[in-house]
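> Convert by adding 86 to the 1-based position in the sequence shown; the result is the number in my numbering. Cβ coordinates follow ideal geometry from the N, Cα and C atoms, glycine included.
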Amino acid sequence: MYFAALATDYDGTLAHDGLVNASTISALEELKKSGRKLILVTGRELPDLKEVFPELSLFDKVVAENGALIYTPASEEERTISPSPSVDLVDRLKKRGVKPLSVGRSILATWEPHQATVLDVIKKLGLELEIIFNKGAVMILPSGINKATGLAAALEDLKLSPRNVVAVGDAENDHAFLRASGCSVAVANALPAVKETADLVTKAPRGKGVEELIRKLIKRDHRIAKKRPRGVLLGTSRGKEIYLSPTETVLIAGSSGIGKSTLATALTERLVEKGLQFCIFDPEGDYDGLKGAVPLGNGSTAPNKEQLLELIEKPGTNVVVNGLALKVDERPDFFAELLPGLGNVRYRTARPHWLIIDEAHHLMPKRRWDTRSVLSIELPGTVLITVHPEAISTDALRLVTAVIALGPKAKGVIKTFCKETGLKAPKDIPLPKGDRVLFWRPHEAKKPFTVKAIEPSQSLKRHSRKYAEGELDEAGSFYFTGPKKAMNLRAHNFIIFARMAEGIDDKTWEYHLRAGDYSKWFRHQIRDKDLARETAEAEKDKTLSADESRKLVIDAVRRRYTAPASAPEK
87 MYFAALATDY DGTLAHDGLV NASTISALEE LKKSGRKLIL VTGRELPDLK
137 EVFPELSLFD KVVAENGALI YTPASEEERT ISPSPSVDLV DRLKKRGVKP
187 LSVGRSILAT WEPHQATVLD VIKKLGLELE IIFNKGAVMI LPSGINKATG
237 LAAALEDLKL SPRNVVAVGD AENDHAFLRA SGCSVAVANA LPAVKETADL
287 VTKAPRGKGV EELIRKLIKR DHRIAKKRPR GVLLGTSRGK EIYLSPTETV
337 LIAGSSGIGK STLATALTER LVEKGLQFCI FDPEGDYDGL KGAVPLGNGS
387 TAPNKEQLLE LIEKPGTNVV VNGLALKVDE RPDFFAELLP GLGNVRYRTA
437 RPHWLIIDEA HHLMPKRRWD TRSVLSIELP GTVLITVHPE AISTDALRLV
487 TAVIALGPKA KGVIKTFCKE TGLKAPKDIP LPKGDRVLFW RPHEAKKPFT
537 VKAIEPSQSL KRHSRKYAEG ELDEAGSFYF TGPKKAMNLR AHNFIIFARM
587 AEGIDDKTWE YHLRAGDYSK WFRHQIRDKD LARETAEAEK DKTLSADESR
637 KLVIDAVRRR YTAPASAPEK
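1) For K326, count neighbouring C-beta atoms within 10 Å of its own C-beta (all shown protein chains included) and say buried if the count is 16 or more, exposed if not.
2) Threshold first: 4 residues or longer. Then list the alpha helix (DSSP H) segments lying entirely within the region 514-573, N to C.
3) How big is the Cα-Cα spacing for R306 and D206?
4) Return the CA-CA distance between L357 and F364, expressed in angstroms with no decimal places.
5) Would you call the region 403-412 and the region 472-492 in contact, with 3 or more CB pairs under 8 Å?
6) Could you tell me whether the region 224-242 touches the region 142-153, using the rule of 3 or more Cβ pairs below 8 Å?
7) Out of L349, I338, L241, which has the shortest C-alpha to C-alpha gap to Q544?
8) Could you give the first and the last residue of the continuous beta strand (DSSP E) run that contains T166?
9) Pick from S631, A632, L187, A622: whose alpha carbon is nearest that of A642?
10) Can you look up P381 in the DSSP assignment and give me helix, strand or coil?
11) Helix, strand or coil, according to DSSP, for Y329 in the structure here?
12) Between which residues of its own chain and F219 is the CB-CB distance below 6 Å, once the five residues before and five after are set aside?
13) Is it buried or exposed, V173, if we count other Cβ atoms within 10 angstroms and call 16 or more buried?
14) Using the three-state DSSP reduction, which class does D260 fall into: helix, strand or coil?
15) Leaving out five residues before and five after A239 in sequence, what residues of the same chain have Cβ atoms less than 6 Å from its Cβ?
16) Would you tell me roughly how many angstroms separate the C-alpha atoms of I111 and L144, rounded to the nearest one?
17) Name the residue from N390, G385, A352, Q393 whose alpha carbon lies nearest to the alpha carbon of L376.
18) Have a look at the DSSP bridge pairing and note the partners of G493.
19) Expressed to the nearest angstrom, what Euclidean distance is found between the alpha-carbon atoms of K185 and P199?
20) Leaving out five residues before and five after Y647 in sequence, what residues of the same chain have Cβ atoms less than 7 Å from its Cβ?
21) Let me know the secondary structure DSSP gives G268 once reduced to three states.
22) Which residue wins for smallest C-alpha separation from P332, given the options L264, R249, T387, V537?
23) Report back the beta-carbon spacing between D372 and S347 to the nearest angstrom; my notes put them in contact at under 8 Å.
24) Pick from V204, G222, M586, K210: whose alpha carbon is nearest that of W197?
25) So does the region 564-574 actually touch the region 593-608, counting three or more Cβ pairs closer than 8 Å?
26) Which same chain residues end up closer than 8 Å to E423 when comparing Cβ atoms and leaving out the 5 residues on each side of it in sequence?
27) Is H102 helix, strand or coil when you go by DSSP?
28) Kindly indicate the opening and closing residues of the alpha helix (DSSP H) around V176.
29) Run through DSSP, which three-state label would A93 get?
30) Are N430 and D368 touching if we call contact CB-CB under 8 Å?
31) Thinking L100 and G268 are a contact (beta carbons under 8 Å), I'd like their distance in whole angstroms, please.
32) Could you give the C-beta distance for M225 and A195, rounded to a whole number, given that I count them as a contact under 8 Å?
33) Is there contact between the region 89-103 and the region 126-133, where contact requires at least three CB pairs shorter than 8 Å?
34) Report the CB separation of V271 from T288 in whole angstroms; it is logged as a contact under 8 Å.
35) Need the endpoints of the alpha helix (DSSP H) that Y597 sits in, please.
36) Taking the CB atoms as reference points, tell me whether V499 and G361 lie closer together than 8 Å.
Structural data, given as structure tokens:
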């Protein structure tokens, strides 16, 4: 479920001549049963609303007085978010013959043609107030208070994002909260200006239009209107923009160093632009310094599960969960223990909108016996990133609705995915070249096609502490074996590599040196071209003794990765 709430105006939208039909009430009850929240957003004052609409308890929140008052029917708690009307203003308006004049907790309301008199009095008193119109009604409120600010306050209480709200209205004063929602709807009787800007216009007027909207919302959810794309832009293909759906499960795969994290970074920038919350699981510290996100955990401190759940309760907070301090075999347990709590937040709030799981084969490995129960929440709005799709849980792969394959092995990614999931591999798979990626939705009839992917504005520096202190997986580690494979010493980071290099015998050291194994590891696994280039020079220089070459290589490593920060000058 993407749209987690419906926010509706009252007069002219939900109600006709102040009353709501029984069939509309039934539709609201059906929407509640679907697990969604209901929010009433009205210009009416609360006592008046309670009198004309006894079914107010159906709503989780009521935004009254055109945004100035927040009411919770379940607890009957009232909260104003703006000051009370000025006594001076009320007295002067009465003296100038403005009537009827209704005085609420924050709002003053009258009717046209009194707006000129109201404006004149406001100017003479020097008050910071605004006049808002609603089909002939004239409402006076503190500057900056409208239905959008009221809805924002209600959503904060409910811990919902406005991106997950469908809003419906009919008049001038509805513009603000309709624009602030994830999907704006105008009923058939709405003013032309409201219809023009709405994502969807109902065929029926007023309550019948709301009933029509509710049926569509329950049946189609995020696909309710196509006017405004609600996914995240991936790139373009033949001049057409390609979007990832809000409930998509995406696999990004390709060989090491081909740009998977770069693409993920570009996607996060689009999410920030659209106000969509994301949470990145970053086992190896590759997203350190990502803009627009709060880091949790580092090279020496493991992320805290409770703190993560607390952070993502805030709709505007994006989180990068750095798992560098976790050992490789600890990562699946950490992720499995976290998923139920995360699933609960997503069930209640439809957030975080996107989960980005890097090194997914570490967190969701095929070998885990409990993966099926862990995945019971499914994975809507999720990106799985990996070098090894065949090592990811098959149950997780079967949830994938879109595959993005990068690099020269892109065709192989598609074939591996099909082999693991039991799908028939498509024919005539194109090879992506240059800045293009291969895109395929396996459950649609279309063949894979190439997309010019979006690029990030920021460049992430791969986390040096990962290589210095972390634990690279078996494939990424360096192995000292010697010429006769008499040993098998695994160096899973640079600190271990340096210690082993200093302790092994000269023959073993020189065996790997002359084979170019050190520069190959630095170039292909560590992806540090400068270190690889400097090391290759030592490997090729046959005038160097074992001790001399050993010192050059170890010094190059320590200078870049394990040397302490220099002390400030005194």
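Well, looking at it:
1) On the sequence shown, position 240 is the one that residue 326 refers to. Result: exposed.
2) Listed in chain order, the complete alpha helix (DSSP H) runs (minimum 4 residues) inside the region 514-573 are 550-555.
3) The residue given as residue 306 occupies position 220 in the sequence shown. The residue given as residue 206 occupies position 120 in the sequence shown. The alpha-carbon separation between R306 and D206 amounts to approximately 49 Å.
4) In the sequence shown, the residue the question calls residue 357 occupies position 271. In the sequence shown, the residue the question calls residue 364 occupies position 278. Roughly 7 Å separates the two Cα atoms.
5) Short answer: they don't touch.
6) Of all C-beta pairs linking the region 224-242 to the region 142-153, three or more are shorter than 8 Å, placing the two stretches in contact.
7) Start at 1 with the first residue of the sequence shown, and residue 544 comes out as number 458. Distance check between Q544 and each of L349, I338, L241 places L349 closest, using alpha-carbon atoms only.
8) Counted from its first residue, the sequence shown places residue 166 at position 80. Looking at the DSSP string, the run of the beta strand (DSSP E) that includes T166 is 163-166.
9) For the purposes of this step, residue 642 is taken as the residue at position 556 of the sequence shown. When C-alpha distances from A642 are compared across S631, A632, L187, A622, the shortest belongs to A622.
10) Counting from one through the sequence shown, the residue named residue 381 turns up at place 295. In the displayed model, P381 falls within a strand according to three-state DSSP.
11) Here residue 329 corresponds to residue number 243 of the sequence shown, with the count starting at 1. Strand, per DSSP.
12) The residue you call residue 219 lines up with position 133 of the sequence shown. The residues are E258.
13) Translated into the one-based positions of the sequence shown, residue 173 becomes position 87. Exposed, because fewer than 16 other Cβ atoms sit within 10 Å of the Cβ of V173.
14) Residue 260 sits at position 174 when you count from the first residue of the sequence shown. D260: helix per DSSP, three-state reduction.
15) Within the sequence shown, numbered from 1, the residue matching residue 239 stands at position 153. Excluding its 5 nearest sequence neighbours in each direction, A239 has C-beta neighbours in its own chain below 6 Å: I156, I167, listed in chain order.
16) Against the sequence shown, residue 111 aligns to sequence position 25. Against the sequence shown, residue 144 aligns to sequence position 58. So the two alpha carbons sit approximately 9 Å from each other.
17) Position 290 of the sequence shown, counting from 1, holds the residue named residue 376. Closest option to L376, Cα to Cα, is A352.
18) Along the sequence shown, read from residue 1 onward, the residue named residue 493 stands at position 407. Note: G493 is not bridge-paired with any residue in the DSSP secondary-structure output.
19) In the sequence shown, counting from the first residue as 1, residue 185 sits at position 99. In the sequence shown, counting from the first residue as 1, residue 199 sits at position 113. If you take the alpha carbons of K185 and P199, they lie about 10 Å apart.
20) Within the sequence shown, the letter at position 561 stands for residue 647. If we look at Y647 and ignore the five residues flanking it on each side, its Cβ neighbours are S550, Y553, A554, F580.
21) Translated into positions along the sequence shown, residue 268 becomes position 182. Correct three-state label for G268: coil.
22) Your numbering for residue 332 matches position 246 in the sequence shown. Selection L264, R249, T387, V537 evaluated against P332 yields R249 as nearest (Cα-Cα).
23) Mapped onto the sequence shown, residue 372 falls at position 286. Mapped onto the sequence shown, residue 347 falls at position 261. So it is a contact: roughly 5 Å between Cβ atoms.
24) The count along the sequence shown starts at 1 and reaches residue 197 at position 111. It is G222 whose Cα lies nearest to the Cα of W197.
25) As far as the Cβ criterion goes, the region 564-574 touches the region 593-608, which means the pair count is three or higher.
26) In the sequence shown, the residue the question calls residue 423 occupies position 337. If we look at E423 and ignore the five residues flanking it on each side, its Cβ neighbours are K391.
27) Within the sequence shown, numbered from 1, the residue matching residue 102 stands at position 16. DSSP, reduced to helix, strand and coil, places H102 within a strand of the structure shown.
28) Taking the first residue of the sequence shown as 1, we reach residue 176 at position 90. That run of the alpha helix (DSSP H) goes 173-181.
29) Locating residue 93 in the sequence shown gives position 7, where the first residue counts as 1. Correct three-state label for A93: strand.
30) For this step, residue 430 is matched to residue 344 along the sequence shown. For this step, residue 368 is matched to residue 282 along the sequence shown. With contacts defined by Cβ atoms closer than 8 Å, N430 and D368 do not form a contacting pair.
31) Within the sequence shown, the letter at position 14 stands for residue 100. Within the sequence shown, the letter at position 182 stands for residue 268. Incorrect: roughly 19 Å between the Cβ atoms, too far for contact.
32) Residue numbering aside, residue 225 sits at position 139 when the sequence shown is read from its first letter. Residue numbering aside, residue 195 sits at position 109 when the sequence shown is read from its first letter. The beta-carbon separation of M225 and A195, rounded to 5 Å, stays under the 8 Å limit for a contact.
33) Segment contact: the region 89-103 against the region 126-133, three or more CB-CB distances shorter than 8 Å; contact assigned.
34) For the purposes of this step, residue 271 is identified with residue 185 of the sequence shown, where counting begins at 1. For the purposes of this step, residue 288 is identified with residue 202 of the sequence shown, where counting begins at 1. Yes, they are in contact, since the Cβ atoms of V271 and T288 sit about 7 Å apart, within 8 Å.
35) The residue labelled residue 597 in the question sits at position 511 within the sequence shown. Secondary structure note for Y597: its alpha helix (DSSP H) is the uninterrupted segment 592-600.
36) Working through the sequence shown from its first residue, we reach residue 499 at position 413. Working through the sequence shown from its first residue, we reach residue 361 at position 275. No, these two residues do not count as a Cβ contact at 8 Å.
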